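Undergrad: Would you mind keeping the following structure in view while I ask a few things?
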Amino acid sequence: MDLFVFLNLNELSLAMSKLSMYPLFDMAHYTVSVMALKEQPGAVEVAQRSPFACWFSSMLYCFGGAVLSSLMLAEPPVAPLSNDRNVLMASLIWYLVFYSPQDMVYRCATILPIRVVLSGMKEVTRTWKVLGGVAQARKHYQEGLLVMIAVGWAKGAGGGLISNFEQLVRGIWRPETNELLKMSYPTKVTLMGAVLFSLQQSQYLPLQKHHLMFVYTVFLVVNKARMMLSGSSSWPFSPVEGAVYRALFAAQSTDWTSAAKAKAPVRTPASDTCAAAKTDVNAASDSQNGSAVSDTDGNVLRAPGASGEGSPKSGLRNKDQTGDQEAGSNKKTD
Amino acid sequence: MDLFVFLNLNELSLAMSKLSMYPLFDMAHYTVSVMALKEQPGAVEVAQRSPFACWFSSMLYCFGGAVLSSLMLAEPPVAPLSNDRNVLMASLIWYLVFYSPQDMVYRCATILPIRVVLSGMKEVTRTWKVLGGVAQARKHYQEGLLVMIAVGWAKGAGGGLISNFEQLVRGIWRPETNELLKMSYPTKVTLMGAVLFSLQQSQYLPLQKHHLMFVYTVFLVVNKARMMLSGSSSWPFSPVEGAVYRALFAAQSTDWTSAAKAKAPVRTPASDTCAAAKTDVNAASDSQNGSAVSDTDGNVLRAPGASGEGSPKSGLRNKDQTGDQEAGSNKKTD
Amino acid sequence: MDLFVFLNLNELSLAMSKLSMYPLFDMAHYTVSVMALKEQPGAVEVAQRSPFACWFSSMLYCFGGAVLSSLMLAEPPVAPLSNDRNVLMASLIWYLVFYSPQDMVYRCATILPIRVVLSGMKEVTRTWKVLGGVAQARKHYQEGLLVMIAVGWAKGAGGGLISNFEQLVRGIWRPETNELLKMSYPTKVTLMGAVLFSLQQSQYLPLQKHHLMFVYTVFLVVNKARMMLSGSSSWPFSPVEGAVYRALFAAQSTDWTSAAKAKAPVRTPASDTCAAAKTDVNAASDSQNGSAVSDTDGNVLRAPGASGEGSPKSGLRNKDQTGDQEAGSNKKTD
Chain A
1 MDLFVFLNLN
11 ELSLAMSKLS
21 MYPLFDMAHY
31 TVSVMALKEQ
41 PGAVEVAQRS
51 PFACWFSSML
61 YCFGGAVLSS
71 LMLAEPPVAP
81 LSNDRNVLMA
91 SLIWYLVFYS
101 PQDMVYRCAT
111 ILPIRVVLSG
121 MKEVTRTWKV
131 LGGVAQARKH
141 YQEGLLVMIA
151 VGWAKGAGGG
161 LISNFEQLVR
171 GIWRPETNEL
181 LKMSYPTKVT
191 LMGAVLFSLQ
201 QSQYLPLQKH
211 HLMFVYTVFL
221 VVNKARMMLS
231 GSSSWPFSPV
241 EGAVYRALFA
251 AQSTDWTSAA
261 KAKAPVRTPA
271 SDTCAAAKTD
281 VNAASDSQNG
291 SAVSDTDGNV
301 LRAPGASGEG
311 SPKSGLRNKD
321 QTGDQEAGSN
331 KKTD
Chain B
1 MDLFVFLNLN
11 ELSLAMSKLS
21 MYPLFDMAHY
31 TVSVMALKEQ
41 PGAVEVAQRS
51 PFACWFSSML
61 YCFGGAVLSS
71 LMLAEPPVAP
81 LSNDRNVLMA
91 SLIWYLVFYS
101 PQDMVYRCAT
111 ILPIRVVLSG
121 MKEVTRTWKV
131 LGGVAQARKH
141 YQEGLLVMIA
151 VGWAKGAGGG
161 LISNFEQLVR
171 GIWRPETNEL
181 LKMSYPTKVT
191 LMGAVLFSLQ
201 QSQYLPLQKH
211 HLMFVYTVFL
221 VVNKARMMLS
231 GSSSWPFSPV
241 EGAVYRALFA
251 AQSTDWTSAA
261 KAKAPVRTPA
271 SDTCAAAKTD
281 VNAASDSQNG
291 SAVSDTDGNV
301 LRAPGASGEG
311 SPKSGLRNKD
321 QTGDQEAGSN
331 KKTD
Chain C
1 MDLFVFLNLN
11 ELSLAMSKLS
21 MYPLFDMAHY
31 TVSVMALKEQ
41 PGAVEVAQRS
51 PFACWFSSML
61 YCFGGAVLSS
71 LMLAEPPVAP
81 LSNDRNVLMA
91 SLIWYLVFYS
101 PQDMVYRCAT
111 ILPIRVVLSG
121 MKEVTRTWKV
131 LGGVAQARKH
141 YQEGLLVMIA
151 VGWAKGAGGG
161 LISNFEQLVR
171 GIWRPETNEL
181 LKMSYPTKVT
191 LMGAVLFSLQ
201 QSQYLPLQKH
211 HLMFVYTVFL
221 VVNKARMMLS
231 GSSSWPFSPV
241 EGAVYRALFA
251 AQSTDWTSAA
261 KAKAPVRTPA
271 SDTCAAAKTD
281 VNAASDSQNG
291 SAVSDTDGNV
301 LRAPGASGEG
311 SPKSGLRNKD
321 QTGDQEAGSN
331 KKTD
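Protein chains in written order, with full-length UniProt numbering: chain A, 1 to 334; chain B, 1 to 334; chain C, 1 to 334.
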């Protein structure tokens with residue numbers, strides 16, 4: 001890519017692509033992940049009641065992606081446990097974050113500049129994980145573009161995708177919410193990366209691997225830092241997403257009323273559905289912004305945007321409004 | 001089999017057994033499956049809120065059997081995604097059924113004759129799927145009759161068997177009901193098929209494969225068409241099932257009272273259990289008919305038979321009567 | 001080990017290590033497991049409503065460990081079904097325990113001496129299962145100590161670890177409780193065994209395999225018999241556990257108050273958390289004794305010890321006090 005040569009970035013990106021994640025970047029990933037767990041409502045009580053359940057939850061936060069991608073490819077999901085070195089490191093960090101005297105470690109790590117650096121480093125590991133997942137899938141399915149995307153996504157954003165079951169370990173069950181119904185920022189950005197890397201590996205993208213790694217990593221880190229420092233949580237591709245959504249999925253929204261009236265029996269009184277049809281455009285844009293809000297890495301964000309939350313929604317959503325809001329403040333794994 | 005020769009059906013059945021499911025029959029399967037999803041309460045709202053969750057749910061409806069049987073045999077559950085052609089076709093159908101202008105595609109497909117033809121074609125794919133599952137299991141466990149039955153059943157009726165988790169994708173959780181507690185018609189008929197084909201493959205049945213395929217397929221299609229056209233939903237083997245149930249499982253029903261009184265603590269007040277023991281025979285026959293009712297492919301059926309539903313039941317059932325009825329109108333995957 | 005030679009136990013332990021579990025010990029394991037299922041609240045009703053769901057639940061009680069350990073190592077989880085002989089035996093026992101005339105079989109088996117013998121024999125199978133799991137893991141991960149522990153534990157205590165999903169088969173869902181949050185006696189003792197055998201297999205323990213098998217088995221059987229006969233349910237290592245807990249996890253408990261006040265939003269009113277911090281020491285010891293109580297094999301125990309249950313707990317626990325108590329009387333799988 002000439003631009004890379006022009007900017008003398010070729011060698012830099014090549015050097016970066018040879019970076020080893022162990023130990024520093026892995027450590028940052030574990031720290032940020034365990035801190036995200038500690039900030040979940042109820043996690044501190046679980047840490048007191050059952051250190052073991054807390055440890056297991058932490059491991060799912062740290063290695064959830066590896067577990068999920070292994071399950072998807074029928075490889076042993078206990079594989080991460082066989083890497084003693086990394087499990088030990090993650091366990092140590094878990095212990096320090098949850099049980100250090102005076103809560104010192106956690107308090108230090110929440111100091112904004114430190115947290116920004118740690119989060120930035122964690123984002124770097126995302127590139128490596130997505131790429132690892134794509135490569136892992138490629139070993140099984142040489143031509144399977146969709147499989148590569150799915151596994152790369154799962155490996156990079158596993159902790160979020162299995163969050164329902166991670167919560168179950170801690171005795172919490174929130175079926176009304178999951179990362180597919182309402183994607184958080186990390187989930188979205190990982191999906192985007194998985195698509196890009198899968199296309200690159202299948203040679204549909206005229207880019208070299210280390211160039212793409214460089215661009216994607218820089219995007220991740222810069223965007224993360226921007227979000228944490230500005231407290232803003234806008235997802236940069238919201239306009240694109242909104243346009244696609246309106247073009248593909250909202251065209252016939254007026255039809256829903258009649259369809260729903262005719263078919264969906266029990267749970268949706270027709271009047272309710274009418275309201276839903278009217279608030280459709282709101283709902284649509286809300287579903288993009290809202291999700292960007294409801295991510296990520298804790299109490300730094302927690303920003304505006306839940307604006308649409310009070311408007312009348314139909315069926316399910318109304319029912320668990322409270323649950324939903326809790327969940328909103330709760331979804332910050334990756 | 002002489003009867004086949006006599007009726008000149010030998011060649012017909014042989015020809016049928018060489019039929020390719022792709023593309024027409026697969027297409028019918030996807031269409032009917034996605035329509036069944038669209039008729040679930042709340043599905044239309046999910047389609048608006050999160051097209052991705054809706055798409056994922058649809059894929060579980062279309063490929064649930066393949067996913068489940070792969071999990072059971074420790075083969076990659078993402079394998080269906082590697083078949084780009086079929087995923088693309090299913091996705092296109094998903095899009096058309098959920099988002100076509102004026103809801104045209106869905107409306108056309110619900111016209112009774114069209115729906116009967118599509119459902120009949122879908123039933124044909126069931127034979128192929130069950131047989132595929134049995135063969136897949138046989139590769140791993142040459143002698144494992146039970147494994148063949150289980151995997152054949154899972155492949156043919158996977159969407160129904162994993163319905164709890166499919167619903168979870170859409171933010172719905174109904175633990176009080178599942179296909180093992182109350183089998184629907186497709187689940188039962190698939191189990192029957194899995195048993196027959198497993199016996200045939202293990203050479204316990206003196207039948208040729210293509211003859212069995214022919215008989216089973218004709219039974220599936222005729223029975224389905226009859227059910228849809230007459231609005232009746234009687235499971236043809238109810239009397240047999242009832243007799244087996246009474247012979248094996250209801251003999252000592254009076255004992256339950258004392259047993260339950262002595263052991264099961266908290267949840268079952270003894271009086272309640274007495275009532276249960278008395279209504280046992282009702283419950284038994286109800287459990288057969290009721291399940292036949294609660295199946296299948298949508299609003300065409302929705303027939304009598306829930307007659308026993310108002311009678312006093314014990315424990316669990318009483319508790320979620322409402323949930324149960326909703327669920328009744330809700331269980332129509334295969 | 002000289003002690004063994006001294007006591008002439010060497011040959012005895014060697015002979016014992018060659019004992020075959022089939023058929024007698026396996027039979028005892030199935031009987032005790034199915035009886036434990038029958039004593040679950042609601043199980044008797046499920047047995048009447050849906051024999052199939054009841055059978056499937058029983059199989060999970062009997063073969064849960066094998067299923068879970070297979071899943072963890074990406075081996076086919078249906079493998080237990082391929083062992084026709086054992087499945088048949090377990091099914092027969094399931095039928096006799098649930099449906100025998102006059103409930104005869106179950107009544108006989110609950111006679112104390114018989115039950116003690118059966119339970120003792122079942123404990124013997126635990127040694128074999130743990131060792132089997134460790135060996136199975138070792139085939140995949142020669143050096144993976146943690147993997148061996150995890151798989152050995154899963155194989156020996158699988159029924160308990162997957163109890164949430166086993167309950168789901170019966171239409172019950174209790175997310176607020178699981179074996180990681182509050183380990184029962186069988187789960188703990190199996191974990192201990194898994195650690196010991198994994199260390200032995202990795203040659204960190206200067207013991208011969210058959211010696212360790214002998215010691216562990218004798219400990220299991222004697223302890224079980226003692227618990228059943230005395231009605232006591234004290235976990236012999238409670239003091240050790242308590243000391244470790246206080247040393248590692250309770251040191252900075254006063255910090256929790258401030259940490260929780262600052263971070264955990266919605267669910268934990270600060271006052272509540274203060275109370276939690278104060279009752280910490282209670283909670284700690286309770287968590288050891290309580291779990292020993294809430295195990296095991298039925299109505300013989302059901303002993304004191306739930307003493308701490310009335311004291312004020314924070315957050316989650318308060319919320320589902322009722323559910324928790326039910327669950328307490330409910331957690332007796334292995």
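Ideal Cβ positions, reconstructed from N, Cα and C, are used throughout, including at glycine. Here the structure is a predicted model, which is why all the values come from computation and not from measurement.
Rounded to whole angstroms, what is the Cα-Cα separation between ALA225/B and LEU191/B?
TA: Going from the Cα of ALA225/B to the Cα of LEU191/B covers about 20 Å.
Undergrad: Give me the Cα-Cα distance between VAL222/C and GLY193/A, rounded to the nearest whole angstrom.
TA: Looking at the two C-alpha atoms, the distance is approximately 57 Å.
Undergrad: Give a yes or no on whether the C-beta atoms belonging to TYR216/A and THR125/A are separated by under 8 Å.
TA: Their beta carbons are not under 8 Å apart, which means TYR216/A does not touch THR125/A by this criterion.
Undergrad: Counting only beta-carbon atoms, is VAL151/A nearer than 8 Å to chain C?
TA: Cβ-Cβ to chain C under 8 Å: no for VAL151/A.
Undergrad: How big is the Cα-Cα spacing for TRP94/B and PHE56/B?
TA: So the two alpha carbons sit approximately 10 Å from each other.
Undergrad: What residue from ARG85/A, MET213/A, GLY42/A has the CA that sits closest to residue 373/A's CA?
TA: Look at the range of chain A in this structure, 1 to 334, and you will see that residue 373/A is not part of it.
Undergrad: Over what stretch of residues does the alpha helix (DSSP H) that includes TRP94/B continue unbroken?
TA: 84-99 is the span of the alpha helix (DSSP H), which, as asked, contains TRP94/B.
Undergrad: List the residues of chain C that PHE56/A touches, going by C-beta distances under 8 Å, in chain order.
TA: The contacting residues are LEU180.
Undergrad: Anything in the segment 65-81 of chain A with a Cβ closer than 9 Å to a Cβ of chain C? List those residues in chain order, please.
TA: Those residues of the segment 65-81 of chain A that come within reach of chain C (Cβ to Cβ, closer than 9 Å) are SER70, LEU71, LEU73, ALA74, GLU75, PRO76, PRO77, VAL78, ALA79, LEU81.
Undergrad: Tell me, to the nearest whole angstrom, how far the beta carbon of CYS54/C is from that of VAL67/C; I am working on the premise that it is less than 8 Å.
TA: The pair is not a contact, with the Cβ atoms about 17 Å apart (cut-off 8 Å).
Undergrad: Rank MET121/B, VAL44/B, MET59/B, GLN208/B by C-alpha distance to the C-alpha of GLY158/B and give the top, closest one.
TA: Checked all of MET121/B, VAL44/B, MET59/B, GLN208/B; the closest Cα to GLY158/B is MET59/B.
Undergrad: Please tell me whether PHE249/B has its Cβ less than 8 Å away from any Cβ of chain C.
TA: Interface residue, yes.
Undergrad: Among LEU229/C, GLN203/C, LYS209/C, which has the Cα closest to the Cα of LYS18/C?
TA: If we check each option's Cα against that of LYS18/C, LYS209/C comes out closest.
Undergrad: Quick one: list the residues of chain C neighbouring THR177/B, beta-carbon separation under 7 Å, in chain order.
TA: The contacting residues are GLY171.
Undergrad: What is the rounded straight-line gap between the Cα of ILE172/A and the Cα of ALA15/A?
TA: C-alpha separation (whole angstroms): 44 Å.
Undergrad: I believe VAL147/C touches LEU81/A by the beta-carbon criterion, under 8 Å. Please report the beta-carbon distance rounded to the nearest angstrom.
TA: Confirmed, about 5 Å.
Undergrad: Quick one: measure Cβ to Cβ for MET89/A and MET35/A, integer angstroms, because I've assumed they're closer than 8 Å.
TA: Going by Cβ atoms, the distance from MET89/A to MET35/A rounds to 15 Å, so no, they are not a contact pair.
Undergrad: Output yes or no for whether 8 Å exceeds the beta carbon distance between PRO51/A and PHE249/C.
TA: Contact: yes.
Undergrad: What does GLY144/B touch in chain C if you count any residue whose Cβ is under 7 Å from its own?
TA: Those within 7 Å of GLY144/B in chain C are LEU81, SER82.
Undergrad: At a CB distance below 9 Å, what residues from the segment 27-50 of chain C approach chain B? Give them in sequence order.
TA: Here the close residues are LYS38, GLU39, GLN40, PRO41, GLY42, ALA43, VAL44, GLU45, VAL46, ALA47, GLN48, ARG49, SER50.
Undergrad: Please report how far the alpha carbon of VAL195/C lies from the alpha carbon of GLU179/C, in whole angstroms.
TA: Spanning the two alpha carbons is a distance of roughly 17 Å.
Undergrad: Alpha carbon to alpha carbon, how far is PHE219/A from ASN8/A? Give it in angstroms, no decimals.
TA: For ASN8/A and PHE219/A, the distance between alpha carbons rounds to 18 Å.
Undergrad: Quick check on DSSP: helix, strand or coil for ALA137/C?
TA: In the structure shown, ALA137/C sits in a helix (DSSP, three-state: H, G or I).
Undergrad: Suppose you measure from the CA of LEU229/C to the CA of PRO23/C; what does that come to, to the nearest Å?
TA: Roughly 26 Å separates the two Cα atoms.
Undergrad: Compile a chain-ordered list of the residues in the segment 114-143 of chain A whose CB is closer than 9 Å to at least one CB of chain B.
TA: Hits within the stretch, in order: ALA137, HIS140, TYR141, GLU143.
Undergrad: Under the rule that 16 or more other beta-carbon atoms within 10 Å means buried, what is ALA243/C, buried or exposed?
TA: Burial call: exposed.
Undergrad: Count the other CB atoms, across all protein chains shown, that sit within 10 Å of the CB of ILE149/B; report buried if there are 16 or more and exposed otherwise.
TA: Result: buried.
Undergrad: Closer than 6 Å by C-beta to TYR141/C: which residues in its own chain qualify, once you throw out the five before and the five after it? Chain order, please.
TA: For TYR141/C, where only same-chain residues beyond five positions count, the Cβ hits under 6 Å are VAL147.
Undergrad: In angstroms, rounded to a whole number, what distance separates the CA positions of residue 392/B and LEU71/C?
TA: In this structure chain B extends from 1 to 334, so residue 392/B is not present and cannot be described.
Undergrad: VAL105/B and LYS38/B look like a contact to me (Cβ under 8 Å); what is the Cβ gap, rounded to whole Å?
TA: Going by Cβ atoms, the distance from VAL105/B to LYS38/B rounds to 10 Å, so no, they are not a contact pair.
Undergrad: Please confirm if ALA53/A has its CB atom under 8 Å from at least one CB of chain C.
TA: So yes, ALA53/A belongs to the interface.
Undergrad: Mapping the DSSP letters down to three states, classify ILE149/C as helix, strand or coil.
TA: Of the three classes helix, strand and coil, the one that applies to ILE149/C here is helix, per DSSP.
Undergrad: If you run the structure through DSSP and keep just helix, strand and coil, what is TRP173/C?
TA: TRP173/C falls in the coil class under three-state DSSP.
Undergrad: Starting from LYS18/B and walking both ways along the alpha helix (DSSP H), at which residues does that stretch end?
TA: That residue, LYS18/B, is in no alpha helix (DSSP H); it is neither H nor E in DSSP.
Undergrad: Between SER20/A and the rest of its own chain, which residues show a CB-CB distance below 7 Å, the 5 nearest in sequence each way excluded?
TA: Answer for SER20/A: no residue qualifies.
Undergrad: Taking only runs that begin and end inside the segment 11-84 of chain B, name each unbroken alpha helix (DSSP H) of 4 or more residues, in chain order.
TA: Counting whole runs of 4 or more residues, the segment 11-84 of chain B contains the alpha helix (DSSP H) stretches 24-38, 43-49, 51-72, 79-82.
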